[in-house]
Amino acid sequence: MHSVGICGSDVHYWQHGRIGDYVLTKPMVLGHEAAGRVVKVGSAVKQLKVGDRVAIEPGVPREMDEFFKNGRYNLSPTIFFCATPPDDGNLCQYYKHSASFCYKLPDNVTFEEGALIEPLSVGIHACRRAGVTLGTTVLICGAGPIGLVCLLVAKAMGASQVVITDLFPERLKMAKELGADFQLTVKRGDAPQQLAKSVADKLGAQPHVTIECSGVESSIQTAIYATRAGGVVTLVGLGSEMATIPLIDAALREVDIRGVFRYCNTWPMAIAMLASGKVDVKPLVTHRFPLEQAVQAFETTRQGLGIKVMLKCDQHDQKP
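Count along the sequence shown starting at 1, add 892, and that's the number in my numbering.
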């Protein structure tokens, strides 16, 4: 392994030992945002060789069930997924993975960019589910790492205008640098309907699509109120299991609410986006630590001191 990013879910398992129904019953290796160099291949592997630089898709179907057959393998209840109990992740020096879910990196794509394909894939899947295309206007709720990759992907897919919200001005500053057309600072306790009006004032009209990345109940309410009639709200952020939302408002205005669970069939598109320069994820990496300083790296993420913290697993190559 070369570069592994730390995700909020990694920190949550580290701190709480569970996420929803996924409960740790024994020690587990964390990490699922990863890229590395091939050091050994099985006898049946034809598409990869020793020395190849690869990005790793962490979800591997265990069986050819109905979800696999219709191309939505991310929904398979038996899927293997790195760092989701009981499956170990890849935050380590050496790791074994299915060759079919290891993707060769072009020479102009770094290991760190390869590791960032995982969160970038969340953005791709979210924008696909939302139907973002040329001319779409988009609201993104939350300017954390996932909100920022959704911004990058939406712009690359042709969104004409993107407004993004967050509690923290420094996050919105980064969003502006990455291409957000409008930034809206929100405060705890702000009325969702008033925030929805502020979004419309920024854009000149309600957005076609809202991508909700915080998981906060009030933000989901804002997302529904803000989206124009006939539009789409995609729920990317994971919060409480139960949420009070204006469902009747959505129904009366035919606002579709769509879930987003991980991703599927995204690595080839993500690699093409990076290799062509259509998307630049490099500014997202704000901190780097050697593997031996993993605890410090996790603390940095837990305290929200950076955007994306990257762990370097190869003692002989600490470059991006």
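No residue lacks a Cβ here, since even glycine has one placed at the ideal position from N, Cα and C.
Let's see if you can read the secondary structure: which residues bound the beta strand (DSSP E) around residue i?
i	result
residue 1103	1101 to 1104
residue 895	895 to 897
residue 1109	Note, residue 1109: premise wrong, no beta strand (DSSP E); alpha helix (DSSP H) at 1109 to 1118.
residue 1127	1124 to 1127
residue 1086	Taken as a continuous stretch (DSSP letters only), residue 1086 belongs to no beta strand (DSSP E), being part of the alpha helix (DSSP H) at 1084 to 1095.
Need the endpoints of the alpha helix (DSSP H) that residue i sits in, please.
i	result
residue 1019	1009 to 1022
residue 1241	The requested residue 1241 does not occur in the structure, where the chain is confined to residues 893 to 1212.
residue 1141	1139 to 1144
residue 928	Not the alpha helix (DSSP H): residue 928 falls in the beta strand (DSSP E), residues 925 to 929.
residue 961	958 to 961
residue 908	900 to 908
Could you tell me the alpha carbon to alpha carbon distance between residue i and residue j, rounded to whole angstroms?
i	j	result
residue 1152	residue 927	24 Å
residue 1202	residue 1140	43 Å
residue 1057	residue 1091	9 Å
residue 1122	residue 1168	33 Å
residue 947	residue 1083	42 Å
residue 1150	residue 1126	5 Å
residue 952	residue 1041	23 Å
residue 1078	residue 1061	9 Å
residue 950	residue 988	11 Å
Relative to the C-alpha of residue i, which residue among the options is closest?
i	options	result
residue 1027	982, 1046, 939	1046
residue 1012	1181, 1130, 1191, 1174	1174
residue 899	1209, 1207, 1212, 1195	1195
residue 1039	1103, 1138, 1099	1103
residue 912	1113, 977, 919	977
residue 1053	1074, 1062, 1034	1074
residue 986	1081, 1049, 1205	1205
residue 1106	965, 991, 1131, 1070	1131
Between residue i and chain D, is any beta-carbon pair separated by less than 7 Å?
i	result
residue 1046	No chain D appears in the structure shown, which is made up of a single protein chain.
Can you round the beta-carbon distance between residue i and residue j to whole angstroms, since I take them to be within the 8 Å contact cut?
i	j	result
residue 973	residue 967	About 12 Å; that fails the 8 Å criterion.
residue 893	residue 994	At roughly 12 Å, the Cβ-Cβ gap does not stay under 8 Å, so residue 893 and residue 994 are not in contact.
residue 923	residue 916	No, residue 923 and residue 916 are not in contact; Cβ-Cβ is about 15 Å, not under 8 Å.
residue 1031	residue 1055	5 Å
Using a threshold of 6 Å, is the CB atom of residue i nearer than that to any non-hydrogen atom of the ligand ZN?
i	result
residue 1058	As far as ligands go, the structure on display features none, and thus does not contain the ligand ZN.
- Item | Whole alpha helix (DSSP H) elements within the region 972 to 1014, 4-residue minimum | 1003 to 1007
- Item | Secondary structure, beta strand (DSSP E): runs of 3+ residues fully inside the region 1037 to 1067 | 1053 to 1058
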